[in-house]
Amino acid sequence: MKNAAAIAHPNIAFIKYWGNRDPVLRLPVNSSLSMNLDGLTTRTTVSFDPQLPADRLTLNGQEVSGAGLQRVTALLDRVRRMAGLSWRAEARSENNFPTGAGIASSASGFAALAVAAACAAGLELDERQLSRLARTASGSACRSIPGGFVEWQAGEDDQTSFAFAIAPPEHWDLADCIAVLSQTHKPTTSQEGHRLAQTSPLQAARVASAAQRLAVCRQAILQRDFEALAQVTELDSNLMHAVMMTSSPPLLYWQPATLTVMHAVVAWRAQGMPVCYTIDAGPNVHVICEQAYAAQVARQLQELPGVQTVLTARPGGAARRIND
Ligand code: DP6
Numbered sequence: 011m012k013n014a015a016a017i018a019h020p021n022i023a024f025i026k027y028w029g030n031r032d033p034v035l036r037l038p039v040n041s042s043l044s045m046n047l048d049g050l051t052t053r054t055t056v057s058f059d060p061q062l063p064a065d066r067l068t069l070n071g072q073e074v075s076g077a078g079l080q081r082v083t084a085l086l087d088r089v090r091r092m093a094g095l096s097w098r099a100e101a102r103s104e105n106n107f108p109t110g111a112g113i114a115s116s117a118s119g120f121a122a123l124a125v126a127a128a129c130a131a132g133l134e135l136d137e138r139q140l141s142r143l144a145r146t147a148s149g150s151a152c153r154s155i156p157g158g159f160v161e162w163q164a165g166e167d168d169q170t171s172f173a174f175a176i177a178p179p180e181h182w183d184l185a186d187c188i189a190v191l192s193q194t195h196k197p198t199t200s201q202e203g204h205r206l207a208q209t210s211p212l213q214a215a216r217v218a219s220a221a222q223r224l225a226v227c228r229q230a231i232l233q234r235d236f237e238a239l240a241q242v243t244e245l246d247s248n249l250m251h252a253v254m255m256t257s258s259p260p261l262l263y264w265q266p267a268t269l270t271v272m273h274a275v276v277a278w279r280a281q282g283m284p285v286c287y288t289i290d291a292g293p294n295v296h297v298i299c300e301q302a303y304a305a306q307v308a309r310q311l312q313e314l315p316g317v318q319t320v321l322t323a324r325p326g327g328a329a330r331r332i333n334d
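In structure tokens:
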């Protein structure tokens, strides 16, 4: 038996990944930029076992089969190929954040799985190799391998598409106050969404201008310029949702309460509060602010109609092995 355990945090993208050039290798059409979320954590153990007839996956205590298991097996197959190992594995994964609250767990889940599986198989992979490994299972997972503020360079091929830190978590005291909304519909998966992106007539324009937004965003982070970060982050989120809404079939992730929160955030910023919104493939709104304002922002969000709960996260560290 060969065991290892790892933890990883989800991340929130300021410049979004939406659409793949190569859906199998998950080579994205544009580079993206995100912040890891401390406090929200996935913990995964992997045990390669010569006795097992097939891979097994348990998520929050529930056995998973079908597509979810297949995605895990595909990552384990890559690890087995690299390590020259034929044993099947059991993966157990737990999130400390509420499931069904619409907080994407594939980024932290596959980042933790990549680290745990590589360690269990006895591979000594560097951060770049781990990021590439996680990427093939879930694009955004490659950004949960390094710590802090992270850029995923789209690259040309499997070798050159990976994520790296542009600043450590302590670089900037930001917070993500996640407004979890009560009316969550089962959304179209990101995997399906990436495929549909190219059907939107707006995708080409979004992609053509993404590198410029990323440069502005990177600079805003490095200089701790909140107003510049706010403007480019909201623009990039709006552009991605414009693509989603104009795909065939259209993807409409927003709920009425999503728009309520967006309007409130814009009004608060106009009053001088350093705060902005960004939204992923779901109705919840990630409200980014300076940490000094996080308690007030969370309180104000909580009072808005349709907001069920607010989770607050600070910039988080890298995916890492832990003692089981
Ligand atoms: C909207 O990484 O979840 O959150 O590669 O199919 O697993 P897969 O997709 P995923 O897509 C994330 C999309 C997003 C934007 C982002 O995080 O950049």
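Counting from 11, one number per residue, gives the positions in the sequence shown under this note's numbering. Every residue, glycine too, gets a C-beta built ideally from N, C-alpha and C. Note that this is a predicted model, so its numbers are computed, not measured.
- Approximately 5 Å separates the beta-carbon atoms of L212 and A252; this is inside 8 Å, confirming the contact.
- Taking the Cβ atoms as the reference, F24 lies roughly 6 Å from T288, within the contact range of under 8 Å.
- Fully enclosed alpha helix (DSSP H) runs of no fewer than 4 residues occupy 116–130, 137–147 of the segment 116–182, in order along the chain.
- One Cα belongs to V307, the other to D59, and the distance between them is close to 48 Å.
- For D246, the secondary structure class from DSSP, reduced to helix, strand or coil, is helix.
- The criterion of a C-beta distance shorter than 7 Å is not satisfied by F174 and I231.
- Relative to A280, the option among A240, R309, P315 whose CA is nearest is A240.
- In the three-state DSSP reduction, A328 falls in the coil class, being neither helix nor strand.
- Rounded to whole angstroms, the separation of the alpha carbons of P315 and A218 is 37 Å.
- Its Cα nearest to that of M272, the residue V295 stands out among Q72, D334, V295.
- The alpha-carbon of L62 is positioned some 41 Å away from that of V320.
- If you check the CB distance, A127 and L135 do not come in under 7 Å.
- The beta carbon of S154 sits no closer than 6 Å to any heavy atom of the ligand DP6.
- For the set R223, V56, N70, A207, the Cα lying nearest the Cα of S258 is the one of A207.
- By DSSP's assignment, H273 forms no beta bridge with any residue.
- Membership of T83 in the alpha helix (DSSP H) is indicated by the continuous run 76–93.
- The C-beta distance from R36 to T146 rounds to 6 Å, short enough to meet the 8 Å contact threshold.
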